[in-house]
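Reviewing the structure listed below.
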Amino acid sequence: MAKLTRRTFGKLAGGAGLITASGLNTFAIAQAVGKVVIVGGGAGGATAAHTLKREAPALDVTLIETRSTYATSFFSNLAIGGFRTWDSLNHNYDGLRRLGVKVVIDTATSVDPIKRTVTTGAGRIFNYDKLILSPGIDMKYDSVPGYSREVSNTIPHAYQTSAMGKQQLMSALSGMADGGTFAMVMPNNPYRCPPGPYERACMIAHYLKTKKPKSRLVILDPKKAFSKQPVFMEAFDKYYKGIVEMNLSTDIDDFSVTALDVKGKELTTKSGKKVKFNAASIIPQQKAGEIAFKAGVNEGDWCPVNPETFAAKKVENIYVLGDATIAAEMPKSAFSANSQAKVAAGDILAIMAKKEKFPARFRNTCWSLMAPDDCVKVGANYAPKDGKLDPSGGFVSQKGEDAGIRKQNYAEAIGWYEGITADMFANKPATAPAKAAPAAPAKAAPAVPAKKAG
Ligand SMILES: Cc1cc2nc3c(=O)[nH]c(=O)nc-3n(C[C@H](O)[C@H](O)[C@H](O)COP(=O)(O)OP(=O)(O)OC[C@H]3O[C@@H](n4cnc5c(N)ncnc54)[C@H](O)[C@@H]3O)c2cc1C
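Given below as structure tokens:
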């Protein structure tokens, strides 16, 4: 793959290229008029707002987002490991405002697809010609018996776009005495960012190794296999032997959690294993963000979409992006959501400018840092085929790779982060991205991160 930098990211993600490939010349696109409302200012929604307003300044684009600061989930694992400052994850919407996007900090509470309106918690009503929903995920707390939203304050999942959960996870980790057991419960498929929990396991293990070397990380996984498994298992053995205990389910042992005793600090699995812990993180099953259900675009837990456009299959004039969708085979990632946003924006611009467009193309890559300068990746291109997204050109890191390749992967990942956040927020990062600091991770990671918003 070509070297990835902030400047090359847009093209590689299919961004500006897709708009051009839509068959619309810049003049035709700029003529597009109408009202687009976007709910959710994350990887999908912010990218859509930026793309639409940049390409068609006459469009009336409103972005409704609950939080005034977006704290990226992507790279939050690196902050746990001490390779990134927490502040470097925070981004605001000033760049989009400067471009002319109407940014409304409020929560969308209902959608009327007949009147084509969105109502917010503050009682404001917004009309739309086209509506884009990119609300991310909500948690199915009851998928782990004993777990709840309330319990997640002390046993955090830290898996949504809220800085709060990540602070709680860091506090649980830093509050644990050396010699303690930290337990991690992994989610079952499908879930946000397939390699994310395993990168987090590596970063927690790295924290323990460097700060609390007598401690252990016990992982309970209901699955029998997971993303980039060979290289993660290699890393657990190479870097974190004696710290990580990995319990992956098999035909004989099922490590799905059947009971969480919060007071007694104990987890029980289906196969009868009991784990006493001092601190823990539980990532439960997930579903589309609530507004998708209120808009009626869901089918079960997720939202079916037309893979050519990401238009909702169930309701006209609504598009759904990112983690809320069923975009099989495309994984739920920020890279995917960003790529999908450009396709949906291209479709809206083509409709509003009354022009033809070329077929959609998508791309995804997920990088995972496992130890200082040891970063792995997995990815593919996707194109619509038979009502699905057909992968091609897939690649995945292999066991025993040269250290130079892994270090280069890390440089790519940093370039990607700078590129995608600029592409989402039409902005330079709110704070300069922290450089990797493998020699002194402790300094980069305060026990309780300060100044985290929302
Ligand atoms: C630990 C971790 C590591 C990850 N690492 C990577 C990685 O390395 N690479 C990668 O590509 N992806 C990664 N991801 C996944 C990535 O964060 C998500 O896939 C991506 O953010 C999905 O984009 P989205 O637009 O669907 O949702 P989000 O980015 O979550 O955005 C949704 C937004 O909608 C807002 N919202 C929800 N409902 C409403 C409402 N009713 N009204 C107003 N606003 C609302 C929320 O506040 C939120 O800001 C990681 C995730 C986690 C948890």
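For what it's worth, the working numbering labels the leading residue of the sequence shown as 449, then goes sequentially.
We treat Cβ as the ideally placed atom computed from N, Cα and C, and that holds for glycine.
* Closest to residue 621 by CA distance: which of 606, 635 and 860 is it? -> Closest option to residue 621, Cα to Cα, is 606.
* Asked: Could you give the distance in angstroms between the alpha-carbon of residue 485 and the alpha-carbon of residue 831?
  -> So the alpha carbons of these two residues sit roughly 26 Å apart.
* Asked: Which residue from 558, 713, 590 and 518 puts its Cα closest to that of residue 733?
  -> Comparing Cα positions, the closest option is 590.
* **7 Å Cβ shell around residue 855 - same chain, five flanking residues per side excluded** => Once the five neighbours on either side are set aside, the close Cβ partners of residue 855 are 821.
* To do: With hydrogens ignored, establish whether the beta-carbon of residue 565 is closer than 7 Å to any heavy atom of ligand 1.
  => Short note on residue 565: C-beta not closer than 7 Å to any heavy atom of ligand 1.
* Compare the Cα-Cα distances from residue 492 to each of 729, 786, 778 and 804 and report the closest residue. => Ranking 729, 786, 778 and 804 by CA distance to the CA of residue 492 puts 786 first.
* Where does residue 654 fall in DSSP's three states? -> Of the three classes helix, strand and coil, the one that applies to residue 654 here is helix, per DSSP.
* **Where the alpha helix (DSSP H) containing residue 677 begins and where it ends** => For residue 677, the enclosing alpha helix (DSSP H) begins and ends at 677 to 687.
* Asked: Helix or strand or just coil, what does DSSP make of residue 541?
  -> Residue 541 falls in the coil class under three-state DSSP.
* **Nearest residue (CA-CA) to residue 689, options 852, 663, 700 and 803** => Selected option, being the one with the closest Cα: 663.
* With a CB to CB cut of under 7 Å and the five nearest residues on each side skipped, what residues in its chain are close to residue 604? -> So the qualifying residues of the chain are 613, 616, 617, 620 and 729.
* Asked: Per DSSP, residue 665 is paired with what?
  -> Per DSSP, 630 and 692.
* **Cβ-heavy atom distance, residue 814 to ligand 1, below 7 Å** => Checking every heavy atom of ligand 1 against the Cβ of residue 814, one is found closer than 7 Å.
* **Own chain residues within Cβ distance below 6 Å of residue 888, not counting five before or after** => Only weak support is given to the placement of residue 888: the predicted model assigns it a pLDDT of 28, under 50, and the question is left unresolved by the model.
* Whole angstroms is fine: what's the gap from residue 489's alpha carbon to residue 735's? => When rounded, the separation of the alpha-carbon atoms in residue 489 and residue 735 is 18 Å.
* **Residue range of the unbroken beta strand (DSSP E) whose run includes residue 485** => Where residue 485 is concerned, the enclosing beta strand (DSSP E) starts and stops at 483 to 487.
* Which stretch, first to last residue, makes up the alpha helix (DSSP H) that contains residue 860? -> The continuous alpha helix (DSSP H) containing residue 860 extends over residues 851 to 873.
* Is the stretch 620 to 634 close to the stretch 664 to 672, with three or more CB pairs under 8 Å? -> The stretch 664 to 672 and the stretch 620 to 634 touch, with three or more beta-carbon pairs separated by less than 8 Å.
* Alpha carbon of residue 678 to alpha carbon of residue 624, nearest angstrom -> Residue 678 and residue 624 have their C-alpha atoms some 30 Å from each other.
* Burial state of residue 502 (16 or more Cβ within 10 Å) -> For residue 502, the number of other beta carbons within 10 angstroms of its own is at least 16, and it is reported as buried.
* Could you check what DSSP says for residue 586 in three-state terms: helix, strand or coil? => Residue 586: strand per DSSP, three-state reduction.
* Reduced DSSP category for residue 893 - H, G, I as helix; E, B as strand; rest coil -> A caution first: residue 893 carries a pLDDT of 27, below 50, which makes its placement in the model unreliable, though a value can still be read off. Three-state DSSP puts residue 893 in coil, outside helix and strand.
* By how many angstroms is the C-alpha of residue 751 removed from the C-alpha of residue 839? -> Cα to Cα, the separation comes out at about 20 Å.
* Asked: Where residue 692 and residue 725 are concerned, what is the direct C-alpha to C-alpha distance, given to the nearest angstrom?
  -> Roughly 14 Å separates the two Cα atoms.
* Asked: What residues match up with residue 843 in a beta bridge as DSSP calls it?
  -> Residue 843 is bridged to 827.
* **Beta bridge counterpart(s) of residue 723 as assigned by DSSP** => Paired residues: 715.
* To do: Closer than 7 Å by C-beta to residue 903: which residues in its own chain qualify, once you throw out the five before and the five after it? Chain order, please.
  => An answer regarding residue 903 cannot be provided, because it is not within the stretch 449 to 902 covered by the chain.
* Burial state of residue 652 (16 or more Cβ within 10 Å) -> By the neighbour-count rule (16 or more Cβ atoms within 10 Å), residue 652 is buried.
* 6 Å CB neighbourhood of residue 497 in its chain, flanking five on each side removed -> Here the set comprises 486, 509, 511, 544 and 549.
* How about residue 855: is its Cβ closer than 7 Å to a heavy atom in ligand 1? -> Answer for residue 855: no, Cβ out of range of ligand 1.
* **Check whether residue 599 and residue 633 have beta carbons under 8 Å apart** => The Cβ-Cβ distance between residue 599 and residue 633 does not fall below 8 Å.
* To do: Give a single yes or no on whether residue 641 has its beta carbon closer than 7 Å to a heavy atom of ligand 1.
  => Yes.
* Might you give, ordered along the chain, the residues of its own chain that have their beta carbon closer than 7 Å to the beta carbon of residue 740, omitting 5 neighbours on each side? => Same-chain partners within the cutoff: 581, 583, 746, 751, 768 and 772.
* **N-terminal and C-terminal residue of the beta strand (DSSP E) that residue 811 is part of** => Unbroken beta strand (DSSP E) run through residue 811: 810 to 819.
* Is residue 780 near ligand 1, going by C-beta to nearest heavy atom under 7 Å? -> Yes, Cβ of residue 780 sits closer than 7 Å to a heavy atom of ligand 1.
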